[in-house]
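I have placed the structure first, in the form of structure tokens, so that the comments after it can refer back to it.
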Ligand SMILES: [Mg+2]
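In the UniProt record's numbering, the protein residues as written are 1 to 107.
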């Protein structure tokens, strides 16, 4: 399966559009984003030495990253932003501004 940013944004929009509530307001989405970042942190902590609480599993990093992505897609959709365009702009930024920042591997 191969998904473009456009596919993902459209899929999330179809999902959200079924509901009268629609997208959360921006600050509530920011709260959800923060919550999901915390869930990513919890999984990484469990994978790096922290013992889960009794009854708590280690967690699923792939799923937690997808949860985070879902909220980011919701934020972009609610604002009418293109993640493809944003990602392309971000890559251009790091490939130019940071071109000499890191040590290149030998060819
Ligand atoms: Mg989560």
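Beta carbons: idealized from backbone N, C-alpha and C, even for Gly.
Asked	Found
Beta-carbon gap between residue 71 and residue 39 smaller than 7 angstroms	no
CA-to-CA distance, residue 48 to residue 85, given in whole angstroms	35 angstroms
Sub-7 angstroms separation of residue 13 and residue 77 beta-carbons	yes
Through-space distance from residue 80 to residue 25, alpha-carbon basis	13 angstroms
heavy atom of ligand 1 below 6 angstroms from residue 64 C-beta	yes
Given residue 33 as reference, the closest of 94, 69 and 96 once Cα atoms are compared	69
Distance, residue 87 Cα to residue 27 Cα	22 angstroms
Contacts around residue 52, its chain only, beta-carbon distance under 7 angstroms, and the 5 residues preceding and following it disregarded	46 and 58
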